[in-house]
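What follows is a single structure, written as structure tokens, with notes after it.
Residue numbers (this note's numbering): 61 to 450.
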């Protein structure tokens with residue numbers, strides 16, 4: 061192995077308060093980072109950097125941890141351009157549009173689906189995403205859900221079984237029968253290929269009792285819960301997430317005071333997905349309310365063909381700062397360390413000794429430029445597991 065130092069970093073976001081200025085971002089000015097193999101082995105002031113085999117001069121630019129996108133739906137075929145066009149022309153967003161993607165995904169080959177995943181991952185990597193979670197949910201048969209997870213697992217370790225995305229069109233007249241399938245034969249086929257289990261707890265999808273049964277069954281098979289909660293309406297999803305110690309409750313758009321208190325006091329991360337609100341012209345989640353209550357907040361893309369067809373975490377950061385009450389510091393933390401917390405990972409989302417060497421060099425002197433200059437491609441270089449990949 062060879063060692064590499066990135067020196068003369070104007071502003072280094074470590075996400076470790078003990079390493080920097082005592083804030084959650086742990087900022088170090090005029091900093092350096094040393095990589096050995098796939099790990100960070102040293103951070104500090106550039107003038108104190110130890111000798112290394114290679115040196116890269118950041119020339120007064122900022123370095124941040126690689127983004128951790130903890131919520132995406134990348135195993136799909138087709139798109140929903142017509143639906144988006146109709147929505148932008150005044151039609152409301154409803155969960156049922158998922159059926160369009162289900163039909164296209166079932167008809168696609170394994171090779172087509174895997175190529176799509178690789179395409180969107182490459183797109184995300186160029187924008188600084190070094191870790192991502194992705195789900196099934198566009199097959200809704202035992203065979204199609206299992207193959208979606210097999211395909212996803214070729215590209216990431218963070219794979220989620222989402223057979224409970226909506227009730228399959230094949231079971232339109234028998235929702236209880238579909239829940240039995242999701243918690244029985246489909247779970248048996250899918251559990252070996254996944255780490256997580258998820259459910260869309262929402263009007264038009266699954267109610268609280270159905271969601272509880274699905275998540276409890278998954279947990280019994282060794283899958284940890286996460287949940288789509290309170291996106292379109294108020295509902296039981298957030299409370300259920302906290303009760304079951306779900307790693308994250310995702311969307312969190314419509315919250316009661318009791319929901320906010322539960323997230324502030326529990327271990328469940330509130331994962332906010334501003335791309336969905338942007339693409340559906342929906343109410344923005346109130347990040348400020350959650351942060352002030354002590355909740356841990358993550359920011360992710362929700363990349364999917366229906367309600368948030370973006371792979372850009374920087375875009376979501378800009379939305380969160382502009383429209384959700386987050387400061388630039390809070391948004392960058394939530395898109396890195398927050399995403400890691402939503403995946404219950406401590407080896408990513410930070411730049412500190414022992415962490416995986418996932419770094420992003422920005423063509424800017426500060427992370428604030430991600431919100432300050434929205435839409436501008438500021439990612440200059442990306443390292444994943446110590447390898448420069450972009």
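Don't be surprised by glycine CBs; every beta carbon is placed ideally from N, CA and C.
| Item | Value |
| --- | --- |
| Residue 239 and residue 200 - do their beta-carbons sit closer together than 8 Å? | no |
| Just verifying my parser: in three-state terms, what is the DSSP assignment at residue 449? | coil |
| Between residue 85 and residue 393, how many whole angstroms is the CB-CB distance? I'm expecting something under 8 Å. | 6 Å |
| Which residues in the same chain as residue 351 place their Cβ atom closer than 7 Å to its Cβ, once the five residues preceding and following it in sequence are excluded? | 357, 390 |
| Starting from residue 275, trace the alpha helix (DSSP H) both ways and give me its first and last residue. | 268-280 |
| Assuming contact is defined by CB atoms lying nearer than 8 Å, are residue 99 and residue 415 in contact in what I supplied? | yes |
| With a threshold of 16 other CB atoms inside 10 Å of the CB of residue 75, please say whether the residue is buried or exposed. | buried |
| Can you tell me whether DSSP reads residue 366 as helix, strand or coil? | coil |
| Quick check on this structure: which residue in 232, 233, 222, 419 has the alpha carbon closest to the alpha carbon of residue 242? | 222 |
| Using C-beta distances below 6 Å, list every residue in its chain close to residue 388, excluding the 5 sequence neighbours before and after it, in chain order. | 381, 428, 431 |
| At the level of alpha carbons, what is the spacing between residue 328 and residue 437? | 32 Å |
| When you compare each of 304, 292, 355, 250 to residue 269 by their alpha carbons, which one comes out closest? | 304 |
| CB-CB under 8 Å to residue 384, same chain, minus the five flanking residues each way: which ones, in chain order? | 332, 334, 344, 345, 346, 347, 348 |
| What residue range does the beta strand (DSSP E) around residue 81 cover? | Looking at the DSSP string, residue 81 is not in any beta strand (DSSP E), and its letter there is neither H nor E. |
| Which of the three DSSP states, helix, strand or coil, is assigned to residue 312? | coil |
| Check whether the Cβ atoms of residue 177 and residue 211 lie closer than 8 Å to each other. | yes |
| Which of the three DSSP states, helix, strand or coil, is assigned to residue 225? | coil |
| Residues in the same chain with beta-carbon distance under 6 Å from residue 205, minus the five sequence neighbours each way, listed in chain order, please. | 196, 199, 223, 246, 250 |
| Excluding the five sequence neighbours on either side, which residues of its own chain have a C-beta within less than 6 Å of the C-beta of residue 426, listed in chain order? | 71, 122 |
| For the stretch 123-178, list the alpha helix (DSSP H) runs that are entirely contained and at least 4 residues long, ordered along the chain. | 141-148, 158-167 |
| Ignore the nearest five residues each way along the sequence and tell me which others in residue 80's own chain have a CB closer than 6 Å to its CB. | 74, 86, 87, 88 |
| Opposite residue 114 in the DSSP bridges: which residues? | 64 |
| Going by the DSSP bridge assignment, what does residue 71 pair with across the sheet? | 89, 122 |
| Can you tell me which of the three DSSP states residue 418 falls into? | coil |
| Does residue 386 pass the burial test, meaning 16 or more other C-beta atoms within 10 Å, or should it be called exposed? | buried |
| Grab me the residues of residue 409's own chain with a C-beta within less than 7 Å of its C-beta, minus the 5 sequence neighbours each way, in chain order. | 75, 125, 128, 396, 397, 399, 400 |
| Check residue 94 in the structure and name its three-state DSSP category. | strand |
| Which residue comes first and which comes last in the alpha helix (DSSP H) that contains residue 410? | Element bounds for residue 410: n/a, residue is neither H nor E. |
| Taking 8 Å as the cut-off, decide whether the C-beta atoms of residue 261 and residue 289 are in contact. | yes |
| Going by DSSP, what residues sit across from residue 428 in a beta bridge? | In DSSP, residue 428 forms no bridge with anything. |
| Could you check how far apart the C-beta atoms of residue 421 and residue 441 are, in whole angstroms? I think they sit under 8 Å. | 4 Å |
| Please list the segments of the beta strand (DSSP E) lying wholly inside the stretch 283-328, counting only runs of 3 or more residues, in order along the chain. | 287-289, 308-311 |
| Is there contact here, the stretch 162-174 with the stretch 100-114, by at least three beta-carbon pairs under 8 Å? | no |
| Taking the continuous alpha helix (DSSP H) assigned at residue 344, which residues delimit it? | Where residue 344 is concerned, there is no enclosing alpha helix (DSSP H), given that its DSSP letter is neither H nor E. |
| Given residue 277, which residues of its chain have a CB within under 7 Å of its CB, disregarding the five upstream and five downstream residues? | 243, 247 |
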